[in-house]
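Protein chains in written order, with my numbering: chain A, 7 to 131; chain B, 7 to 131; chain C, 7 to 131; chain D, 7 to 131.
There are 4 protein chains.
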Amino acid sequence: MDKLEQIKAQLQKFADDRDWDQFHSPKNLSMALSVEASELVECFQWLTEEQSQNLSPEQLSAVKDEMADVQIYLLRLATKLNVNMVEAVNQKIKKNALKYPIDKVKGSAKKYTEYEQPGLKKGEE
Amino acid sequence: MDKLEQIKAQLQKFADDRDWDQFHSPKNLSMALSVEASELVECFQWLTEEQSQNLSPEQLSAVKDEMADVQIYLLRLATKLNVNMVEAVNQKIKKNALKYPIDKVKGSAKKYTEYEQPGLKKGEE
Amino acid sequence: MDKLEQIKAQLQKFADDRDWDQFHSPKNLSMALSVEASELVECFQWLTEEQSQNLSPEQLSAVKDEMADVQIYLLRLATKLNVNMVEAVNQKIKKNALKYPIDKVKGSAKKYTEYEQPGLKKGEE
Amino acid sequence: MDKLEQIKAQLQKFADDRDWDQFHSPKNLSMALSVEASELVECFQWLTEEQSQNLSPEQLSAVKDEMADVQIYLLRLATKLNVNMVEAVNQKIKKNALKYPIDKVKGSAKKYTEYEQPGLKKGEE
Chain A
7 MDKLEQIKAQ
17 LQKFADDRDW
27 DQFHSPKNLS
37 MALSVEASEL
47 VECFQWLTEE
57 QSQNLSPEQL
67 SAVKDEMADV
77 QIYLLRLATK
87 LNVNMVEAVN
97 QKIKKNALKY
107 PIDKVKGSAK
117 KYTEYEQPGL
127 KKGEE
Chain B
7 MDKLEQIKAQ
17 LQKFADDRDW
27 DQFHSPKNLS
37 MALSVEASEL
47 VECFQWLTEE
57 QSQNLSPEQL
67 SAVKDEMADV
77 QIYLLRLATK
87 LNVNMVEAVN
97 QKIKKNALKY
107 PIDKVKGSAK
117 KYTEYEQPGL
127 KKGEE
Chain C
7 MDKLEQIKAQ
17 LQKFADDRDW
27 DQFHSPKNLS
37 MALSVEASEL
47 VECFQWLTEE
57 QSQNLSPEQL
67 SAVKDEMADV
77 QIYLLRLATK
87 LNVNMVEAVN
97 QKIKKNALKY
107 PIDKVKGSAK
117 KYTEYEQPGL
127 KKGEE
Chain D
7 MDKLEQIKAQ
17 LQKFADDRDW
27 DQFHSPKNLS
37 MALSVEASEL
47 VECFQWLTEE
57 QSQNLSPEQL
67 SAVKDEMADV
77 QIYLLRLATK
87 LNVNMVEAVN
97 QKIKKNALKY
107 PIDKVKGSAK
117 KYTEYEQPGL
127 KKGEE
């Protein structure tokens, strides 16, 4: 069995053992996932970009834990919605390749950030 | 090679092809990840919990795309910080098992939600 | 002087007294604001909608603190970007009135949630 | 009447006119608020801190709209939970003054960021 599928089974048992499954609606899991994503952001909020590339062992350990929490809730949600994450990612990478053609977006920060501007990204071109 | 490692290599190539690596500091990637997590929340914000368990094919497809985006930025960050996600998750599950012992947290919503109250969760017991 | 402007002045002094102004770039403040918004979400993530309408005094007190933190970072950002929040909100309400005309969106949850679907909301109609 | 109270009344009418009040449980409003906070983060995610201090008129206009959206949902939540934001902020500023005494936190980025480390901030000192 795939490693991610193994983890999904483990997490299901973890929730079952604690009677937590009842709280794990997709709506609630999306909230919990975004809370964990913000705890990850919190690790970086007052660091410079350069500092974020040179974390101390303690900082890296805290960051790893938050990354794991995001992954855990993502896999819980995947279980609930019957989603195979590897397949979903592969499909999305194909979509992104069409959305961001190399010759259109390659290059300067300016081009990149403009391409990502709210107005543009939301399909309001 | 592990499937997640394969995807990480694919995403690195995707970024390299577009000269985007320069924007992918851990700080920035944590921001992008949390933005995608919120796009996932957006799919569920006006749905009831029950509706969130019964998505239409269109809704599920939108949700899957957002889940994939979260996974993609998480793997980008894992590449940048040299983190193995499967190992990080396994370690975190062990920590969580100690933090939430079955006999202490099993049972009613009340106990569970109290256990998760800000004051308690932050280790202020 | 307007109450919000008074608070902005107080917060500026608070940051100056602690030499924190150097960390308060708009980028960093947006991160801190979103982290506080997630701490607010955390208060509600395992509650039902009904429970969220009937908070205990302790829960309400925790929620109030998180709401205050969101307001504080929003006002810090407003100071840094020279934005008058009352004006900005009044302008946005006018925009929203055009975007969501009563006769088009009034009524059932179904209409409302469809109107808020990612594809539609992003202006891709 | 206070300006914020005026806006709260306006927003209540806006929701009533559209029959949206039924969707505005505190739980759902916290989700919507955090989604708007992330749309604000999205404006800054690929900018350097310096660029975030020198926004173009178009960028500033987009940022202002997102700030207004955050303020709007915060005031909707304040209406639903009967919270006076000015009072809540004033109380929180007093708490923060005790939590972050000038002589303890003033000074270097290092001290500041350490003080804000997850472990410390969560009251685990």
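All C-beta atoms, glycine included, are put in the ideal place defined by N, C-alpha and C.
ask   = Does B/M37 get closer than 8 angstroms to chain F when you measure Cβ to Cβ?
value = Here chain F cannot be found, since the structure's protein chains are A, B, C and D.
task = Starting from the Cα of C/K112, find the closest Cα among D/S44, D/H30 and D/R24 and give me that residue.
result = Comparing Cα-Cα distances from C/K112 to each of D/S44, D/H30 and D/R24, the minimum goes to D/R24.
request  = Pair every Cβ in the segment 31-48 of chain D with every Cβ in the segment 35-46 of chain C, then say whether three or more of these pairs are closer than 8 angstroms.
outcome  = Yes: at least three Cβ pairs fall under 8 angstroms.
request  = Using 10 angstroms around the beta-carbon of C/P32, count the other beta-carbons present and answer buried if the total reaches 16, otherwise exposed.
outcome  = Within a 10 Å sphere around the beta-carbon of C/P32 sit 16 or more other beta-carbons, which makes this residue buried.
inquiry  = I'd like to check one pair, A/L104 with B/V69: are the Cβ atoms closer than 8 angstroms?
reply    = In this structure, A/L104 does not lie closer than 8 angstroms to B/V69 by Cβ.
key: Extent of the continuous alpha helix (DSSP H) run through D/K14   = In the DSSP assignment, D/K14 falls within the alpha helix (DSSP H) that extends over K9 to D23.
message = Is the beta carbon of B/A74 closer than 8 angstroms to that of A/V95?
response = A contact, by the Cβ cut-off of 8 angstroms.
query = Mind pulling the chain C residues with CB within less than 7 angstroms of D/S62?
reply = Within 7 angstroms Cβ-Cβ: nothing; D/S62 doesn't reach chain C, min ~12 angstroms.
query = Is the shortest distance between the beta-carbon of B/V41 and the beta-carbons of chain D less than 8 angstroms?
reply = Chain D, which has a Cβ nearer than 8 angstroms to the Cβ of B/V41, makes this yes.
task = Apply the 10 Å Cβ neighbour rule to A/I13 and answer buried if 16 or more other Cβ atoms are within range, or exposed otherwise.
result = Buried, since its Cβ has 16 or more Cβ neighbours within 10 Å.
ask   = At least one CB of chain D closer than 8 angstroms to the CB of B/V89: is that the case?
value = With 8 angstroms as the cut-off, B/V89 does not count as an interface residue toward chain D.
query = A/D71: buried (16+ other C-beta within 10 angstroms of its C-beta) or exposed?
reply = When all chains shown are included, A/D71 counts as buried.
key: Buried versus exposed, by CB contacts within 10 Å (16 or more), B/K98   = Flag for B/K98 reads buried.
inquiry  = Any beta carbon of chain A sitting closer than 8 angstroms to that of B/A94?
reply    = At least one CB atom of chain A sits nearer than 8 angstroms to the CB of B/A94.
ask   = For A/V92, does the three-state DSSP call read helix, strand or coil?
value = It is helical.
request  = Pull up the CB-CB distance for D/W26 and B/F29, whole angstroms please, since I reckon it's below 8 angstroms.
outcome  = Going by Cβ atoms, the distance from D/W26 to B/F29 rounds to 38 angstroms, so no, they are not a contact pair.
task = Run the proximity test for B/M73: is its beta-carbon closer than 7 angstroms to any non-hydrogen atom belonging to the ligand SAH?
result = Ligands in the displayed structure: none, and consequently the ligand SAH is not present.
query = Going along the chain, which residues of its own chain have a beta-carbon closer than 6 angstroms to the beta-carbon of C/I78, five neighbours each way excluded?
reply = Excluding residues within five positions, none has a Cβ falling inside 6 angstroms.
inquiry  = By alpha-carbon positions, which one of D/E93, D/P63, D/V89 and D/L66 ends up nearest to C/L10?
reply    = Comparing Cα positions, the closest option is D/E93.
Listed by chain order, chain A residues near C/S44 by CB distance under 7 angstroms = Contact note: C/S44 reaches chain A through S40, V41 and S44, using a C-beta cutoff of 7 angstroms and chain order.
task = Take the Cβ of A/S58 as the centre, count every other Cβ of all protein chains shown within 10 Å, and call the residue buried at 16 or more, exposed below.
result = So A/S58 ends up on the buried side.
query = Whose Cβ in chain A lies nearer than 8 angstroms to the Cβ of C/Q77?
reply = Those within 8 angstroms of C/Q77 in chain A number zero; the least Cβ separation is about 17 angstroms.
ask   = At least one CB of chain C closer than 8 angstroms to the CB of D/A21: is that the case?
value = It does not: the Cβ of D/A21 has no partner Cβ on chain C nearer than 8 angstroms.
Distance between D/L83 and C/E64 (C-alpha atoms, nearest Å) = For C/E64 and D/L83, the distance between alpha carbons rounds to 17 angstroms.
inquiry  = I'd like to know whether the C-beta of C/Q59 is nearer than 8 angstroms to at least one C-beta of chain D.
reply    = True, the Cβ-Cβ gap to chain D drops below 8 angstroms.
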